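Asker:
2 protein chains.
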Amino acid sequence: MTAADWADAALDALRDEGSLSAIAIEPLAARLGATKGSFYWHFTNRDALIDAALAGWEARSTRELREAVSVGEREPAARGRELLRTMTGLAHRDPTELALLAEAGQPRVAAVLERVISRRLDALTSLLRATLSLPEEEARQRALRAYCDQLGRAQLARAIPTVLPEAARDEETCLDSAWRSLLGATAGEPQP
Amino acid sequence: MTAADWADAALDALRDEGSLSAIAIEPLAARLGATKGSFYWHFTNRDALIDAALAGWEARSTRELREAVSVGEREPAARGRELLRTMTGLAHRDPTELALLAEAGQPRVAAVLERVISRRLDALTSLLRATLSLPEEEARQRALRAYCDQLGRAQLARAIPTVLPEAARDEETCLDSAWRSLLGATAGEPQP
DNA sequence: ATATCACCATACGCCGCCGCATGGTTTTAA
DNA sequence: TTAAAACCATGCGGCGGCGTATGGTGATAT
Chain A
3 MTAADWADAA LDALRDEGSL SAIAIEPLAA RLGATKGSFY WHFTNRDALI DAALAGWEAR
63 STRELREAVS VGEREPAARG RELLRTMTGL AHRDPTELAL LAEAGQPRVA AVLERVISRR
123 LDALTSLLRA TLSLPEEEAR QRALRAYCDQ LGRAQLARAI PTVLPEAARD EETCLDSAWR
183 SLLGATAGEP QP
Chain B
3 MTAADWADAA LDALRDEGSL SAIAIEPLAA RLGATKGSFY WHFTNRDALI DAALAGWEAR
63 STRELREAVS VGEREPAARG RELLRTMTGL AHRDPTELAL LAEAGQPRVA AVLERVISRR
123 LDALTSLLRA TLSLPEEEAR QRALRAYCDQ LGRAQLARAI PTVLPEAARD EETCLDSAWR
183 SLLGATAGEP QP
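Protein chains in written order, with our numbering: chain A, 3 to 194; chain B, 3 to 194.
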C-alpha cells in the first residue's frame, strides 16, 4: 500500500462519482481494504491527497498531449485529427476531465486545468499555423472555437445525451466535423 | 416567510456556491434569519426544496426564452442575436446554469436541463430555418454547434478565464462571432 | 372567550466524515 | 538479536448537517 495507490484510488473515485467530495478517506479506505491509519501515514490530510490526485492527472494529461504531438505522422491532416482527438476525446471518453471542470471553483483545480488547457490550445494553435499557414490570431481563434465546441458537446453528451441527435454523439463524427470547421469549411456534407 | 422565499434562497445559494450541496437547510435558515422549524413546515424534506428550486429555475428560463422569441422585432438578424443572447448569455451572466450543468449527474437536474435546452435548440433551429431558409438538418447542426461553442466558452470564461484572450471574454464579441458563424461565415473580421 | 389553525422556535438523536492518539506489527539495519 | 524505523489497525472526539418532537405564538372563527 503506497501513496500512489491512494492517489489512484482518489482519481478513480473522482471519475466514478464525478465530484471532489467523492475523495473521502473513509470510503476510500473501505474500497481499498485499508484503514485510515494507513492513509494518515502517507498523507498529512485530505487536502494533500487531493493535491496528489490532481498532480497525477496533470502528469497523465501532459504526457498524452506530448505523445499526440510527437507522433511521426507525415500527413498533417492526420496529425491534426490525432491532436484534436487527444485534446477533446479525453472529455468524451474520460469523465474525470468533466468532473474537474465542474469543480473548477476550487482554486487548486482551476490552476491544474489552466495549465493543461493552455498547453492544449497552444499545441493546436501552432499546428494550425504550421499546417494552414494561418496568422497567430486567426489560428488561436479557430483553435479556441473548436475546443469550446467539443467541450460543450462532451458536456451535453454526458449530462443530457437526449438533446443531441444520434450522429452528434459519435466521437468520430464530432472529430470530422470539428476538423472540417477548423479548415474553414462551414459545416456542410462529409468531404472525403 | 413563504415557501417561495425558501426556494429563492436555495437558488441564490446554488448560484453563489455553485453546487447543489450548497442547498442545505441549516445554512439557509441562518442566511434567512429563520429556523429549521419554519422550513419543515413548508417542505417535507430537503429534496422537496431542491425540486422547488429547480422548478423555479425552469419556469424563469422558459419565460425568458418565450419573451426573447416573441419580441416584435422586424430585423431577423436582430431577433436572432436576441435569441442567442438569451440562450447563451444566461450562462455568461448567471452562474446558476453552469452550476446545474455541473450537477447533471443527478437525474432531476438532468431532466430539467433536458427540457430547457431542448426548447432553446428548437427555437434557434426554427429561427434559422425561417431566416436563412435552411433545411431542418442543417439548421439543427448549426444551432447545436453555436450552442455548444457558447457553452464551452461560458464554462471556460468562468472556470479558467486566463486561457481566454481578452476579446473572447466579452459577451458582445462572443455573440457577434457566434452569429456570424451561424450565418455561414468562417470566423473572419467583424462585419457591420 | 375559547378552540383551532397556521406558523415558527428550540432541543434532541442520528449519521458520515475528519483528524488525532495510541498501540500493534512487520521490515530493515547494526 | 535487538533497536529503530516503517507501516497499519482501532478508537475517540468533534463538527456539520438531517429530520423529528414538542412546545409556543398570533390570528381567525364561532
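Every residue, glycine too, gets a C-beta built ideally from N, C-alpha and C.
Small disclaimer: the values here were computed from a predicted structure and weren't measured.
1) Tell me whether A/A106 is buried or exposed, calling it buried when 16 or more other Cβ atoms sit within 10 Å of its Cβ.
2) In terms of residue numbering, what span does the alpha helix (DSSP H) encompassing A/A225 cover?
3) Quick check on the burial criterion: 16 or more other C-beta atoms within 10 angstroms. Buried or exposed for B/L22?
4) In its own chain, which residues sit with a C-beta less than 6 Å from the C-beta of A/F45, not counting the 5 before and 5 after it?
5) Measure the C-alpha to C-alpha separation of A/L185 and B/L146 and round it to an integer number of angstroms.
6) According to a CB-to-CB cut-off of less than 8 Å, which residues of the segment 145–157 of chain B neighbour chain A?
7) Could you check where the alpha helix (DSSP H) with A/A5 kicks off and where it finishes?
8) Which residue from A/S72, A/D49, A/R121 and A/E60 puts its Cα closest to that of A/Y149?
9) Quick check: what's the CA-CA separation for A/D151 versus B/T164?
10) Helix, strand or coil: how does DSSP classify A/E77 here?
11) Please report how far the alpha carbon of B/P192 lies from the alpha carbon of B/E99, in whole angstroms.
12) Take the Cβ of B/W43 as the centre, count every other Cβ of all protein chains shown within 10 Å, and call the residue buried at 16 or more, exposed below.
13) Look up A/T164 in the DSSP assignment and say whether it is helix, strand or coil.
14) Relative to the C-alpha of B/A55, which candidate in B/L13, B/E75, B/R144 and B/D7 has its C-alpha closest?
15) Measure the C-alpha to C-alpha separation of B/P194 and B/T175 and round it to an integer number of angstroms.
16) Count the other C-beta atoms from every protein chain shown that fall within 10 angstroms of the C-beta of A/V118, then say buried if there are 16 or more, exposed otherwise.
17) Between B/Q193 and chain A, is the shortest Cβ-Cβ distance under 8 Å, so that the two count as touching?
18) So is A/V73 buried or exposed if we call it buried at 16+ other beta carbons inside 10 Å?
19) Who are the Cβ neighbours of B/A156 in its own chain at under 6 Å, not counting the five residues just before and after it?
20) Measure from the alpha carbon of B/L126 to the alpha carbon of each residue in B/T90, B/A32, B/A104 and B/M3, then state which is nearest.
21) Mind checking which residues open and close the alpha helix (DSSP H) that includes A/A180?
22) Name the residue from A/G82, A/S128 and A/D53 whose alpha carbon lies nearest to the alpha carbon of A/L115.
23) In the DSSP assignment, the alpha helix (DSSP H) including B/T124 goes from what residue to what residue?
24) How would you list, in chain order, the residues of chain B whose beta-carbon sits under 8 Å from the beta-carbon of A/T175?
25) If we count the other Cβ atoms within 10 Å of its Cβ and call it buried at 16 or more, is A/P167 buried or exposed?
26) Between which two residues does the alpha helix (DSSP H) holding B/G39 run?
27) At a CB distance below 7 Å, what residues from the segment 86–115 of chain B approach chain A? Give them in sequence order.
28) Is the beta carbon of B/R17 sitting closer than 8 Å to the one on B/A101?
29) Short check: CB of B/A171 to CB of B/A159, under 8 Å?
30) By alpha-carbon positions, which one of B/I27, B/G82, B/A24 and B/W59 ends up nearest to B/L177?
31) What residue does the alpha helix (DSSP H) around A/L22 start on, and which one ends it?
32) For B/E75, I'd like the list of residues in its chain whose CB is within less than 6 Å of its CB, leaving aside the five on either flank, ordered along the chain.
33) With distances taken Cα to Cα, identify the nearest neighbour of B/I25 among B/A11, B/R87, B/L34 and B/L153.
34) What would DSSP say about A/A148, mapped onto helix, strand or coil?
Answerer: In this structure, then:
1) The residue labelled residue 106 of chain A in the question sits at position 104 within the first sequence. A buried status is given to A/A106, since no fewer than 16 other beta-carbon atoms sit within 10 Å of its beta-carbon.
2) A question about residue 225 of chain A goes unanswered here, because the residues of chain A that appear run from 3 up to 194.
3) Stepping through the second sequence from its first residue, residue 22 of chain B is reached at position 20. So B/L22 ends up on the buried side.
4) Position 43 of the first sequence holds residue 45 of chain A. Residues L51 of the same chain have their beta carbon placed closer than 6 Å to that of A/F45, with the five preceding and five following residues left out of the count.
5) In the first sequence, the residue the question calls residue 185 of chain A occupies position 183. In the second sequence, the residue the question calls residue 146 of chain B occupies position 144. For A/L185 and B/L146, the distance between alpha carbons rounds to 19 Å.
6) For the segment 145–157 of chain B, the beta-carbon criterion of a distance under 8 Å to any beta-carbon of chain A is satisfied by L146, R147, Y149, C150, D151, Q152, L153, G154, R155 and Q157.
7) Locating residue 5 of chain A in the first sequence gives position 3, where the first residue counts as 1. First-last of the alpha helix (DSSP H) with A/A5: A5 to E19.
8) The sequence position of residue 149 of chain A within the first sequence is 147, counting from 1. Comparing Cα positions, the closest option is A/R121.
9) Here residue 151 of chain A is taken as the residue at index 149 of the first sequence, counted from 1. Here residue 164 of chain B is taken as the residue at index 162 of the second sequence, counted from 1. CA-to-CA, the gap between A/D151 and B/T164 works out to about 18 Å.
10) Against the first sequence, residue 77 of chain A aligns to sequence position 75. Note: A/E77 maps to coil in three-state DSSP.
11) In the second sequence, the residue the question calls residue 192 of chain B occupies position 190. In the second sequence, the residue the question calls residue 99 of chain B occupies position 97. With a pLDDT of only 36 at B/P192, under the threshold of 50, the placement of this residue in the model should not be trusted; the figure read from the coordinates follows. B/P192 and B/E99 have their C-alpha atoms spaced approximately 29 Å apart.
12) Locating residue 43 of chain B in the second sequence gives position 41, counting from the first residue. So B/W43 counts as exposed.
13) Residue numbering aside, residue 164 of chain A sits at position 162 when the first sequence is read from its first letter. Shown here, A/T164 sits in a helix according to DSSP, grouped into three states.
14) The sequence position of residue 55 of chain B within the second sequence is 53, counting from 1. Distances from the alpha-carbon of B/A55 to those of B/L13, B/E75, B/R144 and B/D7 put B/L13 closest.
15) Numbered from its first residue, the second sequence carries residue 194 of chain B at position 192. Numbered from its first residue, the second sequence carries residue 175 of chain B at position 173. Low per-residue confidence applies at B/P194: pLDDT is 33, beneath 50, and the placement is therefore not dependable enough to give any value.
16) Residue numbering aside, residue 118 of chain A sits at position 116 when the first sequence is read from its first letter. For A/V118, the number of other beta carbons within 10 angstroms of its own is at least 16, and it is reported as buried.
17) In the second sequence, residue 193 of chain B corresponds to position 191, counting from 1. The predicted position of B/Q193 is uncertain, since its pLDDT is 34 and thus under 50; a value taken from the coordinates is nonetheless stated next. Answer no: the Cβ-Cβ gap between B/Q193 and chain A never drops below 8 Å.
18) As a working note, residue 73 of chain A is residue 71 in the first sequence. The residue is exposed, with fewer than 16 neighbouring Cβ atoms inside 10 Å.
19) Translated into positions along the second sequence, residue 156 of chain B becomes position 154. Excluding residues within five positions, the ones whose Cβ falls inside 6 Å are A93 and H94.
20) Along the second sequence, read from residue 1 onward, the residue named residue 126 of chain B stands at position 124. Measuring from the Cα of B/L126, the nearest candidate turns out to be B/T90.
21) Start at 1 with the first residue of the first sequence, and residue 180 of chain A comes out as number 178. Taken as a continuous stretch (DSSP letters only), the alpha helix (DSSP H) holding A/A180 covers E173 to L185.
22) Taking the first residue of the first sequence as position 1, residue 115 of chain A is located at position 113. Closest by alpha carbon: A/D53.
23) What you label residue 124 of chain B is simply residue 122 of the second sequence in a count that begins at 1. Position check: residue 124 of chain B holds Asp in this sequence, whereas Thr was assumed. B/D124 -> alpha helix (DSSP H) spans P109 to L134.
24) Numbered from 1 along the first sequence, position 173 holds the residue referred to as residue 175 of chain A. For A/T175, there are no C-beta contacts with chain B under 8 Å, since the nearest C-beta of that chain is about 11 Å from it.
25) In the first sequence, counting from the first residue as 1, residue 167 of chain A sits at position 165. Residue environment analysis places A/P167 among the exposed positions, since fewer than 16 neighbouring C-beta atoms fall within 10 angstroms of its C-beta.
26) Mapped onto the second sequence, residue 39 of chain B falls at position 37. Here the alpha helix (DSSP H) through B/G39 covers K38 to H44.
27) Hits within the stretch, in order: L103, A104, A106, G107, A112 and L115.
28) Numbered from 1 along the second sequence, position 15 holds the residue referred to as residue 17 of chain B. Numbered from 1 along the second sequence, position 99 holds the residue referred to as residue 101 of chain B. For B/R17 and B/A101, yes; Cβs fall inside 8 Å.
29) For the purposes of this step, residue 171 of chain B is taken as residue 169 along the second sequence, with counting starting at 1. For the purposes of this step, residue 159 of chain B is taken as residue 157 along the second sequence, with counting starting at 1. First, the residue type needs correcting, since residue 171 of chain B is Arg and not Ala in the sequence shown. Against a cut-off of 8 Å, the Cβ pair of B/A159 and B/R171 comes out as a contact.
30) What you label residue 177 of chain B is simply residue 175 of the second sequence in a count that begins at 1. With distances taken between Cα atoms, B/L177 lies closest to B/G82.
31) Residue mapping note: residue 22 of chain A aligns to position 20 of the first sequence, counting from 1. Element bounds for A/L22: n/a, residue is neither H nor E.
32) What you label residue 75 of chain B is simply residue 73 of the second sequence in a count that begins at 1. Result list for B/E75: R81, in chain order.
33) Position 23 of the second sequence, counting from 1, holds the residue named residue 25 of chain B. For B/I25, the nearest C-alpha among the options comes from B/A11.
34) By 1-based counting over the first sequence, the position of residue 148 of chain A is 146. In the structure shown, A/A148 sits in a helix (DSSP, three-state: H, G or I).
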